[in-house]
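Chains as they are written, first to last, in the working numbering: chain D, 94 to 192; chain L, -6 to 348.
We treat Cβ as the ideally placed atom computed from N, Cα and C, and that holds for glycine.
This one's a predicted model, so the numbers in the text were calculated from it and none came from an experiment.
Worksheet: one structure, shown below.
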């Protein structure tokens, strides 16, 4: 039983290490200056919408590939309930979907 | 073995179809909104196989979702699950047996008063920890089956019938605090069965760190009153595709946790490259029995499990999910192999007005 636990722990540690290295590799090339993700520094509502999307929607799921503009408002309304978005965030996200 | 919440929600198929028809009728009766507010039909259709201790089960499944805005503040939404399960006969008999499951996962109306205050009525997903509300749809979850502790705090059915208040209590530049509180009535209705109880969840989100920490609590108020406690932590570092999610849940008779890490390899040529579409996933989970009463859907003995997955994100909203798991317990160790393919659909319920 102890041997099984050891194998289990080794597998866990190995996997966590792989993921940690992978995460480090992906963040290493980020030479861009730090951009405060909570502020729209460019003033472009598209950027704000992208920030809202990254901070709320893409935390759980990937963006669906292409959808009709006629349902973008419904999608945003759905996200507004799920993620407690403000009216401003809702508008920014809508603009992000329909630039 | 699919999401435990889904498998617990066995309902009569004809009643489910009637309810879906009712929901469609409600949608059809709604006045048309703005050009971007056309009701939508979304969801996932998939085919899963699971080989558990040498026995393979095949599951075709459809999870449709309807969402329809009504005016400026109301949203009606519903999700259902329809699946057929083909599994080998027990006791070494040849051939397969099959069973079907069909039912509404939830059907709710949302009134959005403000960012801070949304009123939800109807049958809703119980907001206990994160898996039930966020990760249970088949087109979202990284693994075919849910965590072992998923049934804890969900009142056996995963949904409540009554009302819920939710929203953003505090929103600042550096942090925000969300809350939800629900009260569920007791219902013996076949389609909308629910237990009497109440509870809620509160979470702190740090957008700069992309870190979320939350606590959940609920209590069953019928039969043997039981308390459930939960905690979750999500960390998704900015500018990477690495995600770390975890949950702990404690019930009256058992407790456990899971930790899941996934990384989409988009650093290698972009998200749309052949390598960038790969998504290795790992999950570790443990459950612990607090006594010998097995009434919560968790394994009857202490169990440890490690899941190693490799998902592939095909174009056109299609995902291939594969995983291998090794489960350890005093009743015997066994392997679980799972493969599946899921297609996510998303389209207007009808042709909307042109802008």
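Worksheet item: What in chain L is Cβ-close to residue 153 of chain D, meaning under 8 Å?
Response: Within chain L, the residues near residue 153 of chain D are 127, 128, 133.
Worksheet item: Which chain L residues sit within Cβ distance under 7 Å of residue 174 of chain D?
Response: Here the neighbours are 68, 103, 105, 111.
Discussion item. Looking at residue 135 of chain L: is its Cβ nearer than 8 Å to the Cβ of residue 255 of chain L?
Written reply: Yes, the pair counts as a contact, with Cβ atoms nearer than the cut-off.
Worksheet item: If we ignore side chains and look at the alpha-carbon of each, how far apart do residue 171 of chain L and residue 118 of chain L end up?
Response: One C-alpha to the other measures close to 16 Å.
Worksheet entry | Three-state secondary structure assigned by DSSP to residue 112 of chain L | Residue 112 of chain L falls in the strand class under three-state DSSP.
Worksheet item: Who are the near neighbours of residue 244 of chain L in its chain, counting only those whose CB is closer than 6 Å to its CB and skipping five residues on each side?
Response: Within the same chain, residue 244 of chain L has close Cβ partners 145, 221, 289.
Fill in: Whether residue 333 of chain L touches residue 137 of chain L by CB criterion (8 Å)
Yes; because the gap between Cβ atoms is below 8 Å, this pair is in contact.
Practice prompt. Would you tell me roughly how many angstroms separate the C-alpha atoms of residue 112 of chain L and residue 177 of chain D, rounded to the nearest one?
Written response: One alpha carbon belongs to residue 112 of chain L, the other to residue 177 of chain D, and they sit about 12 Å apart.
Discussion item. With a threshold of 8 Å between beta carbons, is residue 225 of chain L in contact with chain D?
Written reply: Residue 225 of chain L does not count as touching chain D.
Practice prompt. For residue 186 of chain D, name the three-state secondary structure that DSSP assigns.
Written response: Here residue 186 of chain D sits in helix by DSSP.
Worksheet item: So, does the CB of residue 188 of chain D fall closer than 8 Å to a CB anywhere in chain L?
Response: Taking Cβ atoms only, chain L never reaches closer than 8 Å to residue 188 of chain D, which makes this a no.
Practice prompt. Would you mind sorting residue 343 of chain L into buried or exposed? The rule is 16 or more other CB atoms within 10 Å of its CB.
Written response: With fewer than 16 other Cβ atoms within 10 Å, it is exposed.
Practice prompt. Using a Cβ-Cβ cut-off of less than 8 Å, give me the residues of the segment 154 to 165 of chain D that come near chain L, in sequence order.
Written response: So the close ones are 154, 155, 157, 158, 160, 161, 162, 163, 164, 165.
Worksheet item: Under a three-way DSSP split, which group does residue 361 of chain L fall into?
Response: What is shown of chain L runs -6 to 348, which leaves residue 361 of chain L out entirely.
Fill in: Contact residues within the segment 326 to 346 of chain L, judged by C-beta distance below 8 Å to chain D
From the segment 326 to 346 of chain L, only 326, 337, 339, 340, 341, 344, 345, 346 have a Cβ closer than 8 Å to chain D.
Worksheet item: For residue 44 of chain D, is the classification buried or exposed, using 16 other Cβ atoms within 10 angstroms of its Cβ as the cut-off for buried?
Response: Any question about residue 44 of chain D goes unanswered here, given that chain D covers just 94 to 192.
Discussion item. I'd like the list of long-range same chain contacts for residue 354 of chain L, defined as Cβ closer than 8 Å, with 5 residues on each side in sequence excluded.
Written reply: In the structure as shown, chain L begins at -6 and stops at 348. Residue 354 of chain L is therefore absent and cannot be evaluated.
Discussion item. Can you check whether the C-beta of residue 159 of chain L is within less than 8 Å of a C-beta belonging to chain D?
Written reply: Taking CB atoms only, residue 159 of chain L has a neighbour in chain D less than 8 Å away.
Practice prompt. Look up residue 191 of chain L in the DSSP assignment and give the residues it is bridged to.
Written response: The secondary-structure analysis by DSSP pairs residue 191 of chain L across a beta bridge with L/176, L/212.
Fill in: Minimum C-alpha distance to residue 252 of chain L - residue among L/271, L/280, L/232, L/263
Proximity to residue 252 of chain L across L/271, L/280, L/232, L/263 peaks at L/280, based on C-alpha coordinates.
Fill in: Whole runs of the beta strand (DSSP E) within the segment 210 to 273 of chain L, excluding any shorter than 3 residues
Within the segment 210 to 273 of chain L, the runs of beta strand (DSSP E) at least 3 residues long that lie entirely inside it are, in chain order, 219 to 228, 235 to 243, 247 to 256.
Worksheet item: Closest Cβ-Cβ distance between residue 45 of chain L and chain D: below 8 Å?
Response: Taking Cβ atoms only, chain D never reaches closer than 8 Å to residue 45 of chain L, which makes this a no.
Item to complete: Answer yes or no: do residue 105 of chain L and residue 144 of chain D have a C-beta to C-beta separation smaller than 8 Å?
Response: No, the pair does not count as a contact, with Cβ atoms beyond the cut-off.
Discussion item. Based on DSSP bridge pairs, tell me the residues matched to residue 317 of chain L.
Written reply: According to the DSSP secondary-structure assignment, residue 317 of chain L is paired through a beta bridge with L/301, L/330.
Worksheet entry | Buried or exposed (CB count within 10 angstroms, at least 16 for buried), residue 159 of chain L | Counting the other Cβ atoms within 10 Å of the Cβ of residue 159 of chain L gives 16 or more, which makes it buried.
Discussion item. Using a Cβ distance threshold of 8 Å, determine whether the segment 172 to 180 of chain L contacts the segment 90 to 103 of chain L, with at least three qualifying pairs required.
Written reply: A contact between stretches requires three or more CB pairs, one per stretch, nearer than 8 Å, and the segment 172 to 180 of chain L fails this requirement with the segment 90 to 103 of chain L.
Item to complete: Take every Cβ of the segment 90 to 100 of chain L, pair it with every Cβ of the segment 198 to 217 of chain L, and state whether three or more of those distances are shorter than 8 Å.
Response: Too few Cβ pairs lie closer than 8 Å, so no.
Fill in: Rounded straight-line distance, which links the Cα of residue 267 of chain L to that of residue 76 of chain L
Taken atom to atom, the span from the alpha-carbon of residue 76 of chain L to that of residue 267 of chain L is near 31 Å.
Item to complete: Give the secondary structure of residue 183 of chain L by DSSP, where H, G and I count as helix, E and B as strand, and everything else as coil.
Response: Three-state result, residue 183 of chain L: coil.
Item to complete: Round the Cβ separation of residue 240 of chain L and residue 123 of chain L to the nearest angstrom and send it over; I've been treating them as touching at under 8 Å.
Response: Sure, about 6 Å apart at Cβ, within 8 Å.
Fill in: Proximity test, Cβ basis, 8 Å: residue 304 of chain L and chain D
Chain D, which has no Cβ nearer than 8 Å to the Cβ of residue 304 of chain L, makes this no.
Worksheet item: Is residue 138 of chain L helix, strand or coil when you go by DSSP?
Response: Looking at residue 138 of chain L - three-state DSSP - the assignment turns out to be coil, as it is neither helix nor strand.
Discussion item. Can you find the residues in the same chain that come closer than 6 Å, C-beta to C-beta, to residue 311 of chain L, ignoring five residues on each side of it along the sequence?
Written reply: Around residue 311 of chain L: 336.
Worksheet entry | DSSP beta-bridge partners of residue 79 of chain L | BP columns for residue 79 of chain L point to L/51, L/91.
Fill in: Option in D/141, D/175, D/165, D/140 with minimal Cα separation from residue 150 of chain D
Of the listed residues, the one whose Cα sits closest to residue 150 of chain D is D/175.
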